[in-house]
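Take the sequence shown: its position 192, counted from the start at 1, is 201 in our numbering, and no numbers get skipped.
Notes follow the structure.
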Amino acid sequence: LINSGDFPSRNNDALDFDDLQLADRWILSRLMRVNRETAERLENYALGEAAKGLYEFAWNDFCDWYLELIKPRLNPSQSSKDLLDDKNISQKVMLKVLSDLLIMIHPLMPHLTEELWHGITNKPHQELLALNSWPQANEDFLDEDLESSFIQLFASIKVVRNLRAEAGLKPSQKVPVCFITSNKSLVDILSKSKTDIQVLTRAYEVNIITPEQLDQRPSTKSLAAVSGELEVLLPLEGLVDFEALIGRLKKDLIKAEKEISNLKNRLNNKNFTEKAPKDVVDQCRKNLSEVVAQADLAKNRLASLV
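So, in structure tokens, the structure goes:
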């Protein structure tokens, strides 16, 4: 609502597909998919599923990601016609998503959505959200491949954030980030989203290379993690206290190994495996698998730092 105050038009003007950035196309594709899914769920009286789907879209897709992605566009560092035009496009998409979302949520939360809808549209009080028809879904905006690509993009950003936290980096510290993959579609989405990645991970540069190119590079002390077909390296030389970082990783490894020993002892105890409920035993096995993975990760990270 704050960022819509200076928007020249709040009337959901038609969106020109050619003017949209990649993030705009992604959120509109997700909006159209949620529109279709919610309509089907409401028709089948699946109110719980409808509410859950709208909640996840509002918080995860719109708030967690799209609003973060467009922050630089809403507050450009310079004033130029191109930047102002792009700001207007991001505002138009933001208000389109908000307006449609409020209409879809209205059957479940009528009073709050009515108030918010008037706030973002500036409609007169005698015109009610309740009397609006269901938002028309533009199938042209649906792009399943783009949605899948953004899932990979967000996973890569989460990995970098986790590595930053593990390294104990301050929020103000900017670091280089290196992505290693042979997946061409993943390379494509990462390359197109370099600016977004830099903003969301506080990186001063983003390099995307193949495993073969990595082998030709000189080795540096780095934290590494793997997500699907993507390996992420966070070079840390000159940025952190390596002794303190190694100490934390060793503590994590000792803790994981102790937990592994305890879980193995439980699973080797026939009184437990034969008498405990099946779901309890299965959960124990799942916990063991997860802790083993954590221990292996700590070992690999220690090896890359020593």
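For every residue, glycine included, the Cβ atom is placed at its ideal position computed from N, Cα and C.
Identify the residues that DSSP records as bridge partners of residue i: which are they?
i	result
Phe281	None; Phe281 has no bridge partner.
Phe188	Ile217, Val241
Val235	Glu240
Ala212	Val184
With a threshold of 8 Å on Cβ separation, who are the neighbours of residue i within its own chain once the five nearest residues in sequence on each side are excluded?
i	result
Lys96	Arg82, Leu83, Pro85
Leu328	Past the boundaries of the shown model lies residue 328; the chain is included only from 10 to 315, so the question cannot be answered.
Arg19	Bear in mind that a pLDDT of 49 at Arg19, under 50, signals an unreliable position, so the model cannot answer this.
Ser313	Lys230, Ser231, Leu232, Ala233
Asn216	Pro185, Val186, Cys187, Phe188
Arg42	Leu151, Glu156
Asn309	Ala233
Glu58	Arg50
Thr47	Ala59, Gly62, Leu63, Met113
Val106	Ile36, Leu37, Leu40, Phe71, Tyr75
Asp25	none
Leu93	Pro85
Using C-beta distances below 7 Å, list every residue in its chain close to residue i, excluding the 5 sequence neighbours before and after it, in chain order.
i	result
Glu268	Val300
Asn296	Leu272
Leu172	Leu232, Ala234, Val241, Leu243
Ala67	Leu110
Asp70	Ile36, Arg39
Cys1	Outside the modelled stretch of the chain, which goes from 10 to 315, sits residue 1, for which no answer is possible.
Ser181	none
Leu31	Lys201, Ser202
Ala246	A small fix is needed here, since residue 246 is Glu in this sequence, not Ala. Here the set comprises Thr229, Lys230.
Ala23	none
Asp154	none
In chain order, what residues of the same chain lie with their CB nearer than 6 Å to the CB of residue i, ignoring the 5 residues before and after it?
i	result
Glu156	Ser38
Ala364	Nothing in the structure corresponds to residue 364, since the chain is present only between 10 and 315.
Pro33	Correcting the residue identity first, residue 33 is Asp in this sequence and not Pro. Hits under 6 Å: Val102.
Leu202	Here the sequence assigns Ser to residue 202, which means Leu is not the residue at that position. Excluding positions up to five away in sequence, the list reads Leu162.
Tyr75	Ile36
Gln303	Ala265
Leu223	Ile189
Asn141	Ile112
Val290	Thr282
Pull up the CB-CB distance for residue i and residue j, whole angstroms please, since I reckon it's below 8 Å.
i	j	result
Ser194	Ser158	6 Å
Ile189	Ile218	6 Å
Ala212	Val186	4 Å
Val168	Leu248	Between Leu248 and Val168 the Cβ distance is about 18 Å, and since that is not below 8 Å, they are no contact.
Asp28	Ile98	5 Å
Leu138	Leu111	7 Å
Thr210	Arg170	6 Å
Asn192	Glu221	Going by Cβ atoms, the distance from Asn192 to Glu221 rounds to 14 Å, so no, they are not a contact pair.
His120	His127	Rounded, the Cβ-Cβ distance is 12 Å, inconsistent with contact.
Pro144	Asn44	6 Å
Leu78	Asp205	5 Å
Alpha helix (DSSP H) segments (min. 4 residues) lying fully within the region 98–143: As far as the region 98–143 is concerned, its whole alpha helix (DSSP H) runs of at least 4 residues are 119–130.
Determine, using beta-carbon pairs with one atom in the region 272–290 and one in the region 238–257, whether at least three such pairs fall under 8 Å. Not touching, per the Cβ criterion.
Validate contact between the region 228–239 and the region 276–292 using beta carbons, cut 8 Å, 3 pairs: Too few Cβ pairs lie closer than 8 Å, so no.
Quick check: the region 174–183 against the region 134–153, are there 3 or more CB pairs under 8 Å? By the Cβ test, the region 174–183 is not in contact with the region 134–153, since fewer than three Cβ pairs between them sit closer than 8 Å.
Report the residue ranges of all alpha helix (DSSP H) runs contained in full by the region 59–99; include only those spanning at least 4 residues, in chain order. Runs of the alpha helix (DSSP H) lying entirely within the region 59–99 and spanning at least 4 residues, in chain order: 76–83.
For the region 255–307, list the alpha helix (DSSP H) runs that are entirely contained and at least 4 residues long, ordered along the chain. If we require 4 residues or more, the alpha helix (DSSP H) runs fully inside the region 255–307 come out as 279–284.
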